[in-house]
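Undergrad: Mind looking over this structure? Questions follow.
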Amino acid sequence: MKAACWYGSGDIRVETVPDPQILNPQDAIIKVTLTAICGSDLHIYNGFIPGMERGDILGHEFMGEVVEVGPKVQKLKKGDRVVVPFTISCGKCFFCKAGQWSLCDNTNPNAELLEKLYGSSGGALFGYSHLYGGYAGGQAEYVRVPFADVGPIVIESDLTDEQVLFLSDIFPTGYMAAENCNIKPGDTVAIWGCGPVGQFAIRSAYMLGASRVIAIDTYPDRLRMAHDMGKAETLDYASVSVLEELKDLTGGRGPDACIDAVGLEAHGGFEYAYDRAKQALMLETDRPGVLRRAIMACRKGGTVSIPGVYGGFIDKMPMGAAFAKGLTFKMGQTHMHNYLRPLLDRIESREIDPSFVISHRTTLAEASSHYAMFNSREGCTKVVMRPS
Amino acid sequence: MQVIPWRNKAPNVHPIERAVSVVTGGMLFINGIRNGGFIRMAAGAAILGRGLTGRCHMYRLLGIHTAPSDSTLPYELGVKARAAVTVGHPRHEIYEFWRQFENLPRFMRHLVSVDQTDTTHSHWVAEGPGGHTYEWDAEIINEIPDQLIGWKSLPGSQIASAGSVRFTEAPGDRGTEIRVELQYNPPAGIVGAWASRLFGREPEQEISADLKRLKQFFETGEVATTAGQSNGVTPLCVAAGRTGYNTMPSLDEVLP
Ligand SMILES: NC(=O)c1ccc[n+]([C@@H]2O[C@H](COP(=O)([O-])OP(=O)(O)OC[C@H]3O[C@@H](n4cnc5c(N)ncnc54)[C@H](O)[C@@H]3O)[C@@H](O)[C@H]2O)c1
Ligand SMILES: [Zn+2]
Ligand SMILES: [Zn+2]
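First to last, the protein sequences are chains A and B. For the first sequence, the positions run 1 to 388 when our numbering is used. For the second sequence, the positions run 1 to 256 when our numbering is used.
Structure, rendered in structure tokens:
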């Protein structure tokens, strides 16, 4: 089969590799019908995610048709049309039973390695480094899906692939980011990053009752999408002082909740050069410019919700401000399995059509050039690819 | 039941060496990240961990002690390792499974086979570095049903070892806590092989990984794996005699 493989920073190649096989009794094999490139894939593309090996198959946003199931798969059947969540969860451990699916104890075969770095390991992810299990990803014609009765959600309605694909990650991720804000009537939510995750966070914040959403980015098409589709007020961080504007827009209080939908590759800010230099000298792994600003902007007693990915160490955290203002921090990989059914219901009831984020439609063969294009962010918000 | 405290947690790495470890480990780690070097990254993580905890398993393994001597630790020889895991199943069930030693190779990666010769004696075969097999006979010297199994190897074994596994009920509904402690003297020649492989897996990591596999097996009915999956051709795979199939080679395979 064909698959998009990682060979180093900025080096993605579509290669012919062996077809995946059932390796465990609860596995299924999915024939991929549509897959997407995620902002998280760009962190790999730019070389910020530890534990990649040359040849690894990328991709964690995918859907398709079940073509084979293992002997212990009971619910999923050959022919089912499914969307697969990007986190792999067993459904049986303490964390899965507590609804903290992405922290699953039992799916990462390399858990001891992540344990060494982080103290303990969460669940595995598709196509997201050997630290997160080393599972081959879904930017491919076929993919092996472990715990097939636990993760995949069967789509029975006649919704198109494009309408349901983003249940695999960014819609639930934006939704959980907003849910973590504990939104009350009258609340203002500020969202840094108008990439796909930011776009769904905007929509979700309104669904959960926010009075105002203020979205921050610098790319005109992304800001326009946030404004036109998301009904957010927008700020261009390159042309205004975001902290001053937020203070002003909220009558001096600051936003009730701040969402960092950017993560470890933040741009801009007076300390950008400092963080870049420290990254280059290998003294800091992540650039936390947005996180710093979210902490400074947030109102007293507010919440900072962090769907943006961080991988290692950060510097100059304004911990004093966070402490003095009594902030709450919420973060982590999305607990996908909690959101699949409820969000599919919202799509089926036509409350939202997630395909609005798509800017580019292409085939897997073009993966390499589209990684580069999405990474430039110029005129590109989301790429979906058909395997053939 | 007697609680035996673990006495070997004190730092055995000198403070200056610890600082150097944090810096070099951090740099190797981040360099590994940037250049996609999984091995470099893992090595960096090991050195970083050594700096942050002040404990070096390699040193302990070799009986080297560079920390200031105000610590009360006795000079220790031989390998000592321990690990723990919590499994969401009743204690009796897990004890019964474990007590059938024939079950152990199902989740302990380096065990080839275990044969129980009578109720207290068993014969063990394990595969060590470089594909060598080692055999020993063990005798249960202490057993409290559902709680404890303690054993030691018999004279004439290729590996002199002693160990225990304890089963206790976890608080709430969390199941059973399993604690393994092992001590052994590696057979002559092995220390050298391990010393040259400074970044290979440590015995504690190995036991911890084994226990995780047991947990997976109990809680989910299967052991998580990617072995046998496909990926693009890599130089590392080619060097390890693989061509495009399979998951990445293990650290053991690529380090000298
Ligand atoms: N927690 C999870 O489970 C999860 C899931 C999916 C994605 N993510 C993460 O969410 C983040 C966003 O994902 P995405 O797909 O939207 O990525 P993306 O790269 O398309 O979007 C990031 C946006 O942030 C903007 N940005 C950069 N610096 C900024 C600044 N200083 N102020 C405001 N905006 C700034 C960029 O212009 C870009 O539009 C990534 O870190 C991704 O890894 C997390
Ligand atoms: Zn994603
Ligand atoms: Zn689980």
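Quick reminder that beta carbons are idealized off the backbone N, C-alpha and C, glycines included.
1) For GLY137(A), which residues from the same chain have a beta carbon less than 6 angstroms from its beta carbon, with the 5 sequence-adjacent residues on both sides left out?
2) Beta-carbon separation of ARG276(A) and ILE314(A) under 9 angstroms?
3) Check the Cβ-Cβ distances between ALA3(A) and every residue of chain B, and say whether any is below 9 angstroms.
4) Does any residue of chain A have a CB that is nearer than 9 angstroms to the CB of THR226(B)?
5) Compare the beta carbon distance of ASN182(A) and THR328(A) with 9 angstroms and say whether it is the shorter of the two.
6) Under a three-way DSSP split, which group does THR188(A) fall into?
7) What residues from chain B crowd round LYS278(A), counting only those whose CB sits closer than 9 angstroms?
8) So, does the CB of VAL223(B) fall closer than 9 angstroms to a CB anywhere in chain A?
9) Considering only residues of the same chain and omitting the five flanking positions on each side of LYS325(A), which have a CB-CB separation below 6 angstroms?
10) For LEU154(B), count neighbouring Cβ atoms within 10 angstroms of its own Cβ and tell me buried if that reaches 16, exposed if not.
11) Assess contact between the segment 345-361 of chain A and the segment 155-166 of chain A, defined as three or more Cβ pairs (one per stretch) separated by less than 8 angstroms. Is contact present?
12) Please report the residue range of the alpha helix (DSSP H) in which ASN375(A) lies.
13) My output table needs one value for GLU244(A): the three-state DSSP class, helix, strand or coil.
14) Between which residues of its own chain and HIS89(B) is the CB-CB distance below 8 angstroms, once the five residues before and five after are set aside?
15) Using the rule of at least 16 other Cβ atoms within 10 Å of the residue's Cβ for burial, across every protein chain shown, is VAL112(B) buried or exposed?
16) Give the single residue among ILE178(B), GLN216(B), GLU135(B), ILE94(B) whose Cα lies nearest to the Cα of ARG114(B).
17) For chain A, find out if any of its Cβ atoms is closer than 9 angstroms to the Cβ of THR220(B); answer yes or no.
18) So TYR371(A) contacts chain B; which residues on that side make the cut at Cβ distance below 7 angstroms?
19) In chain order, what residues of the segment 353-370 of chain A put their CB closer than 7 angstroms to some CB of chain B?
20) Taking the DSSP output, what are the residues bridged to GLU139(B)?
21) On a Cα-Cα basis, can you pick out the residue from THR87(A), GLY269(A), ILE358(A) that is closest to PRO146(A)?
22) Put VAL383(A) into one of helix, strand or coil per three-state DSSP.
23) Taking beta-carbon pairs under 8 angstroms, can you tell me which members of the segment 91-110 of chain B lie near chain A?
24) Could you tell me whether the Cβ of ASP149(A) comes closer than 9 angstroms to any Cβ of chain B?
25) Between which residues of its own chain and ARG91(B) is the CB-CB distance below 7 angstroms, once the five residues before and five after are set aside?
26) Is there a Cβ from chain A that is less than 9 angstroms from the Cβ of ALA209(B)?
27) To the nearest whole angstrom, what separates the beta carbons of TYR175(A) and SER211(A), a pair I think is in contact under 8 angstroms?
28) Is there at least one non-hydrogen atom of ligand 3 closer than 8 angstroms to the beta-carbon of SER120(A)?
29) I'd like the span of the alpha helix (DSSP H) that includes ALA201(A), first residue to last.
30) Using a Cβ-Cβ distance under 9 angstroms, would ASP70(B) count as near chain A?
31) Excluding sequence positions up to five away, which residues of its chain have a Cβ less than 7 angstroms from the Cβ of TYR245(B)?
TA: Reading off the structure:
1) ILE57, LEU58, GLY59, HIS60, PHE126, GLY127
2) no
3) yes
4) yes
5) yes
6) strand
7) Residues of chain B passing the Cβ test: none, with the nearest at roughly 10 angstroms.
8) yes
9) LYS300
10) exposed
11) yes
12) 367-376
13) helix
14) GLY175, THR176, PHE218, GLU219
15) exposed
16) For the record, residue 114(B) in the displayed sequence is Val; it is not Arg. For the residues ILE178(B), GLN216(B), GLU135(B), ILE94(B), the minimum Cα distance to VAL114(B) belongs to GLU135(B).
17) yes
18) Going along chain B, no residue has its Cβ under 7 angstroms from TYR371(A), so there is no contact; the nearest lies around 15 angstroms.
19) none
20) HIS121(B), LYS152(B)
21) THR87(A)
22) strand
23) none
24) no
25) ASP146, PHE167, GLU169, THR176
26) yes
27) So it is not a contact: roughly 18 angstroms between Cβ atoms.
28) no
29) 196-207
30) Bear in mind that a pLDDT of 33 at ASP70(B), under 50, signals an unreliable position, so the number given afterwards is only what the model happens to contain. Answer no: the Cβ-Cβ gap between ASP70(B) and chain A never drops below 9 angstroms.
31) Low confidence applies to TYR245(B): its pLDDT is 38, below 50, so where it sits in the model is not reliable, and the reading given next is rough at best. So the list reads SER230, once near-sequence residues are dropped.
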